[in-house]
Amino acid sequence: MKRSGYCNEIGTHLIGEQVTVCGWVSSRRDHGGVIFIDLRDRSGLVQVVFNPERQPEVHRQAHGLRNEYVLQVSGLVSRRPPETENPKLATGAIEILVDRLELLNTAQQLPFQLDEEGVGEATRLQYRFLDLRRTEMQRNLQFRHRVMQTVRRTLDESGFLEIETPMLTRSTPEGARDYLVPSRVNPGQFYALPQSPQLFKQLLMIAGYDRYFQIARCFRDEDLRADRQPEFTQIDLEISFVGAEEVMALAESVIAAVFRDALGQGLSLPIARLTYEEAMDRYGLDAPDLRNPLQLIDLTETLRETGFKVFAQAAAMTGSRGERGMIKVLRLPGGAQLTRKQIDEYTEFVGIYGAKGLAWIKLNGPWQEDGWQSPIVKFFSEAEKAAIVAATGAEVGDILFFGADRASIVNESLGRLRVKLGKDLDLLRGAPFSFVWVTEFPLLDWDNESRRHVAVHHPFTAPMVEDRAQLDAPEMEGRFLDRVRSQAYDLVLNGTEIGGGSIRIHDPKLQERMLALLGIEKEEAEEKFGFLLKALDYGAPPHGGLAFGLDRLVAILLGVESIRDVIAFPKTQKAGCPLTQAPSFVDPLQLRELYLRSTHIPK
RNA sequence: GGGGGUGUAGUUCAGUCGGUUAGAACGCCGGCCUGUCAAGCCGGAGGUCGCGGGUUCGAGCCCCGUCGCUCCCGCCA
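Counting from 4, one number per residue, gives the positions in the first sequence under my numbering.
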């Protein structure tokens, strides 16, 4: 049952040789006389030819072949006759003249055609084993493999140890909802599937392993998105005796290796950087796509005294915890030609993010000549108009979009509008892949719902050395702590966060203080992750690390919209698997063994 | 939990104002066909219009409910 190679490997160098290939019938063209079949395997296609004059018996056999039948064919590699070469095919210069045909298996008519575009995802996932035969999915998963191997090799060569950590672990506070696994031998108790190997990798640093990595499956029981699955894969790494610079440099070297090996492209290093503050100021989001030339401009000071009440009120706003009001503008060059309908659609769009409206000015001409078309322009003084032009550089033909509200609403709504305009109007410029580091994230954020601070990254992230004193000042408790910066960094690719990490706290006193600021009681901390706190007491080295979202990274590099297209067996938006029908009800006996009873009442 | 989109043949879709027998392409089946590669020509089969209820003389189309898939908000690093 030997085969001489993959279909795609049969080339002109084998002309005159006898070969054997195995694969699926991708298409057949039966002329009554000569029959052509494209035989497909994971490598690609090769045309095999059944000629009645060459092998009448085999030719007769070939009449019965249908799509997706599984064959083994042996024959002579031959240059195609002149005028019949197919330049669209890698193997298009040759064909195999079949002498022997073995029908390894037949196949029913497929539920969808493998070469059809736009087949519904429900059907594709239900028959994923067929969907995965498609060229695109073959390409995606083979590319993903290449990325993973490159990561492994690169990190191995950089002295990293690949170490596995438990999948059955314990629930941690903070973060996402856990997937729980009941313990049979410990009635009433549960494991949690890991949201990430975070605590374990810190323990490995404390244990002296110095450089750890893992391509780790992570689980989070939250609602899904196009770039979010309940289980996903992280390239997780951690290093001892380093600062943020070393971690970022290492991460860059990994990404550069992926570019070189998987994409065959160079990547110019170092990757550009922005602080969180700069990113929010200019782009309104912490993951900006720098291919988009549009920027936000802060007009809060310029228009603080304006007669337009909506703006003036926003500028005067001070939130309960120090969140300011803000006026920002987004200038769209050439945007004066947007229709009223388009503007209405953008107004509705920013409403999704909490904006109460979207003020705009079309610059049909200079303001001095009454050239500004806008529902709000009548409120502005001449000085304000001049200042708006000076601040934005706006020219005739442009449109200005304004946001005025709490800073978080202004930034998010205009930031998202910037992204949407970039997509709608095809504004993205420059290289197809644009990386940027975003650094100096805030350490803490105020959560209004629970009335306490929460960690922006996670509770083990170290503050910036310069800001440490603010944390320790007792009078700071519960006040404006969102101004403290952390040693956290995100790597952003084309406007999507593909990796993030931080330098961790290795000082037990600081870790204790941090937990106190997060409102986690000593007892609770002791119970939930006392093991980490204890470990910090036994000689914890300074350490830090980072994790890449492998699914997102691969999806962006391949230019596919959804990470489901780079995962072999993904789940639907309701976290189900149409192939296996998971999740499912289980036998009551299984539940009894686990000391469980469902409270669910079927409708 | 909320908002938007969508569901018609195996697949992708069309289906007018509510009106007679629900169409097309591809696929499938049969026949013909010796250089195709989107093979070609002739013929044919194939429908619980997601599901349930309602309005109507009459519903793929209107109304109510429900389910699936999908995009987004909330949630989630």
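Yeah, the Cβ is synthetic: ideal placement off N, Cα and C, and Gly gets one too.
Kindly give me the distance between the Cβ atoms of residue i and residue j, rounded to whole angstroms, as I take these residues to be in contact under 8 Å.
i                 : j            : result
leucine 474       : valine 459   : About 14 Å; that fails the 8 Å criterion.
aspartate 44      : leucine 79   : With 8 Å as the limit, aspartate 44 and leucine 79 do not qualify as a contact, their Cβ atoms being about 19 Å apart.
valine 563        : valine 150   : The Cβ separation is near 14 Å, so there is no contact.
leucine 297       : glycine 418  : The Cβ separation is near 10 Å, so there is no contact.
valine 261        : valine 154   : 7 Å
aspartate 401     : arginine 334 : 6 Å
phenylalanine 222 : leucine 196  : 4 Å
Taking DSSP's pairing of strands, which residues face residue i in a bridge?
i                 : result
glutamate 160     : Answer is none; glutamate 160 lacks a bridge partner.
arginine 231      : Arg228
glycine 47        : Asp44
methionine 329    : Asp408
valine 241        : According to the sequence displayed, residue 241 carries glutamate and not valine. Paired residues: Tyr215 and Gly548.
leucine 2         : The question about residue 2 has no answer, for the chain in this structure spans 4 to 606.
arginine 32       : Phe39
phenylalanine 222 : Glu234
proline 445       : Arg488
leucine 183       : Ala195
With DSSP run on the structure shown, which of helix, strand or coil describes residue i?
i                 : result
leucine 535       : helix
leucine 100       : strand
serine 416        : helix
leucine 202       : helix
lysine 365        : strand
asparagine 108    : strand
arginine 555      : helix
glutamate 124     : helix
threonine 172     : strand
serine 630        : The chain is shown from 4 up to 606; residue 630 falls before or after that span and cannot be answered.
isoleucine 258    : helix
phenylalanine 314 : helix
aspartate 289     : coil
isoleucine 506    : strand
isoleucine 523    : coil
glutamine 298     : coil
aspartate 373     : coil
tyrosine 279      : helix
aspartate 450     : strand
arginine 82       : strand
alanine 585       : strand
phenylalanine 193 : strand
Please determine whether the Cβ atom of residue i lies at a distance below 7 Å from any heavy atom of the ligand HEM.
i           : result
proline 544 : What this structure holds is no ligand at all, so the ligand HEM is not there to describe.
Under the rule that 16 or more other beta-carbon atoms within 10 Å means buried, what is residue i, buried or exposed?
i              : result
glutamate 443  : buried
threonine 309  : buried
valine 422     : buried
lysine 312     : exposed
isoleucine 355 : exposed
tyrosine 598   : exposed
proline 445    : buried
histidine 546  : buried
asparagine 189 : exposed
isoleucine 604 : exposed
asparagine 108 : exposed
Hey, out of the options, whose CA is closest to residue i's CA?
i                 : options                           : result
histidine 16      : Ser565, Gly328, Ile38 and Ser81   : Ser81
phenylalanine 532 : Leu117, Asn451 and Leu518         : Leu518
proline 581       : Asp33, Thr109, Thr126 and Gly552  : Thr126
valine 439        : Leu183, Ala260, Leu297 and Gly502 : Gly502
tyrosine 215      : Gly328, Leu297, Leu560 and Phe244 : Phe244
proline 544       : Ala571, Ile391 and Ile508         : Ile508
valine 76         : Glu234, Val22, Glu415 and Gln593  : Val22
leucine 293       : Ala491, Ile274 and Glu304         : Ile274
aspartate 554     : Gly498, Gln232 and Leu196         : Gln232
valine 332        : Met320, Glu280, Leu431 and Lys388 : Lys388
isoleucine 506    : Glu56, Phe463 and Asp540          : Phe463
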